[in-house]
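Chains as they are written, first to last, in my numbering: chain H, 68 to 395; chain G, 85 to 429. So the structure is just underneath, and the comments pick up after that.
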């Protein structure tokens, strides 16, 4: 780590991004359940109410459709709302405002307006919170034209991408994996942003490509470390953004290695893994040594008991095994 | 208000204001009749939800607003947006799906907007414009202007969750919004009694501690006065108001729906209350309108509508590729930077 960096958690990195953007732009304000006095259910918004007051850090009633609807109206009329939806499972309650309103208002009105709205929400299983607090629903929103979908995996990316999201004039849904808030990593000192829509080649390798999203970076790295000991060099690409999708980086890597595994915590069927597999097949078919392999969440509601829940999420062991069968 | 009071010469409205209201109501009715004609002739596609009979509500409301005030509207919104300032010709161009339409042909009848006049969108989803209007009102307060936001919606919307969440939040945060419920007695084909047990919308709004009143939606002056009070309250920082305007949809839910579920006697009764006929009678009684001027207004409107249709017909059909623009700001439909922007990279 250079002297221009320090090691902080994803929680603190996001918190810093919010502080810096609120400082930079008076039009930025926060709305959500328990974000003010309580500092957020995962303590991501700590200190913001004290600094910016209740007019810019608004504790709301439990009313997701209303909150997001208000944010859409405010965004169209000159403000930059950043809404927190505590769990992405609750975005279902606001889905009309996200899908039919925020995503479409610019288009339906012939480009007359912009909806500079950020929705921060959490994803991810592993916290033993069962079927309605553990889903990863990012693929749903990536399906909808007019929305951008961002899901960072490191503190530096989380900070830089959230700042870009807040400065973006389009609706952005920003997924934070609730199991990663304590994840630490180097974060540059001072001002920087990371552009939305660029995947990150996290590690270079020649033998196979693992394309992953959000927290799936970590089991992918673990598997890659084990494979490295066996002389198998894995290229790891962290998508960081699924809409827009950095197709070029993925196809380039697939052309190089000829073996691709996609790992994502959304349900496997009709999800991110399927879309990436299709794009790579279309873009790199002649270079592939085998079909693109996929690991997503099991197609079941997320169960409560640890023994059950753990088997529904892609693991380092699974990633290791799948790659072994691919390259051997 | 008793009949005598209603017939008294208004001291708060000038002859010009009253004639403008009269003309606007006529224009809306003429617009919708013309739209229906060309819809039935196959020149206009999609859905067409007409507000014939309800003209006094948007005209009375928007007469009390400034150009920079906001409105949200509904699938039945031609009257609302015309009242706020939309031009007939660009409305028709939108209905014809042409490039000169307000939304360049991308919205059609249910999605007309003109942000330069505070029309932040008619909306095809029942009730969804209500929280958006409350959000615009929150934005007004945060930016420190003295604008107001008006949300138009029908009685049907009051059974939706968004309606209740929006009223609760507006009341909680005391933002400058005015809820104007155009109670036309029908939600789709269902009479009002099938949407609510008690049917008392004023009490419903009051239960959120929002000042509320019911006005005769067939009396443009009554609507104007009610909204004007609400606007004063909102501009002075005294929070939201709910207005139920009792009105009637003279036609079915959409063009093609004969409205057979609306009893004949009921239709007869409401047609007798026609707001345009009522104001015409009043204007004549007050000496503000002669038969000759009335005929001139009708002739002028007919000409404006015909010119509008010709404008729409001769407006350019959009290039098919245009379907891929306007999804994102500065980006194409896949979120990739637009060419002119990526050049410097």
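All residues carry an ideal CB built from backbone N, CA and C; glycine is no exception.
Less than 6 Å between C-beta atoms, sequence neighbours within five positions excluded: which residues of the same chain meet that for residue i?
i, result
"residue 243 of chain G", "279"
"residue 102 of chain H", "112, 151"
"residue 272 of chain G", "337"
"residue 146 of chain H", "94"
Taking CB distances under 8 Å as the criterion, tell me whether residue i reaches chain G.
i, result
"residue 89 of chain H", "no"
"residue 173 of chain H", "yes"
"residue 345 of chain H", "no"
"residue 188 of chain H", "no"
"residue 279 of chain H", "no"
"residue 227 of chain H", "no"
"residue 130 of chain H", "yes"
"residue 139 of chain H", "yes"
"residue 241 of chain H", "no"
"residue 153 of chain H", "no"
"residue 371 of chain H", "no"
"residue 133 of chain H", "yes"
"residue 178 of chain H", "yes"
"residue 163 of chain H", "yes"
"residue 181 of chain H", "yes"
"residue 255 of chain H", "no"
Quick one: Cα of residue i to Cα of residue j, how far?
i, j, result
"residue 123 of chain G", "residue 132 of chain G", "8 Å"
"residue 300 of chain G", "residue 123 of chain H", "40 Å"
"residue 206 of chain H", "residue 216 of chain H", "8 Å"
"residue 161 of chain H", "residue 367 of chain H", "23 Å"
"residue 391 of chain H", "residue 335 of chain H", "21 Å"
"residue 169 of chain H", "residue 182 of chain H", "6 Å"
"residue 203 of chain H", "residue 381 of chain H", "13 Å"
"residue 377 of chain H", "residue 369 of chain H", "9 Å"
"residue 119 of chain G", "residue 188 of chain G", "18 Å"
"residue 200 of chain G", "residue 325 of chain G", "25 Å"
"residue 406 of chain G", "residue 186 of chain G", "15 Å"
"residue 363 of chain H", "residue 350 of chain H", "22 Å"
"residue 265 of chain G", "residue 421 of chain G", "42 Å"
"residue 218 of chain H", "residue 309 of chain H", "8 Å"
"residue 290 of chain G", "residue 224 of chain G", "23 Å"
"residue 89 of chain H", "residue 235 of chain H", "14 Å"
"residue 305 of chain H", "residue 178 of chain H", "32 Å"
"residue 335 of chain G", "residue 105 of chain G", "22 Å"
"residue 96 of chain H", "residue 216 of chain G", "16 Å"
DSSP has residue i in a bridge; who is on the other side?
i, result
"residue 267 of chain H", "H/305"
"residue 82 of chain H", "None; residue 82 of chain H has no bridge partner."
"residue 329 of chain G", "G/266, G/299"
"residue 188 of chain H", "H/152, H/242"
"residue 75 of chain H", "H/252"
"residue 276 of chain H", "H/302, H/327"
"residue 361 of chain H", "H/329"
"residue 125 of chain H", "H/98"
"residue 271 of chain G", "G/274"
"residue 412 of chain G", "G/415"
Spell out whether any CB of chain H is found under 8 Å from the CB atom of residue i.
i, result
"residue 260 of chain G", "no"
"residue 226 of chain G", "yes"
"residue 216 of chain G", "yes"
"residue 343 of chain G", "no"
"residue 243 of chain G", "no"
"residue 199 of chain G", "yes"
"residue 403 of chain G", "no"
"residue 166 of chain G", "no"
"residue 249 of chain G", "yes"
"residue 173 of chain G", "no"
"residue 246 of chain G", "yes"
"residue 187 of chain G", "yes"
Go through its chain and collect everything with a Cβ distance to residue i's Cβ below 7 Å, but skip five positions before and after it.
i, result
"residue 293 of chain G", "255"
"residue 282 of chain H", "191, 220, 244, 246, 247, 332"
"residue 401 of chain G", "182"
"residue 359 of chain G", "109, 139, 140, 302, 303, 304"
"residue 289 of chain H", "383"
"residue 116 of chain G", "134, 135, 136, 162"
"residue 143 of chain H", "172, 180, 182"
Excluding the 5 residues preceding and the 5 following residue i in the sequence, name in chain order all residues of the same chain whose CB lies nearer than 8 Å to its CB.
i, result
"residue 324 of chain H", "272, 273, 274, 275, 276, 302"
"residue 382 of chain G", "110"
Exercise for the section: Quick one: which unbroken alpha helix (DSSP H) runs of 4-plus residues sit fully inside the segment 199-243 of chain H? Chain order, please. Expected result: 205-209, 222-234
Exercise for the section: Counting only runs of 3+ residues fully inside the segment 150-237 of chain G, write out the beta strand (DSSP E) ranges in chain order. Expected result: 154-156
Handout entry: Uninterrupted beta strand (DSSP E) stretches inside the segment 323-405 of chain G (no shorter than 3 residues)
Key = 325-330
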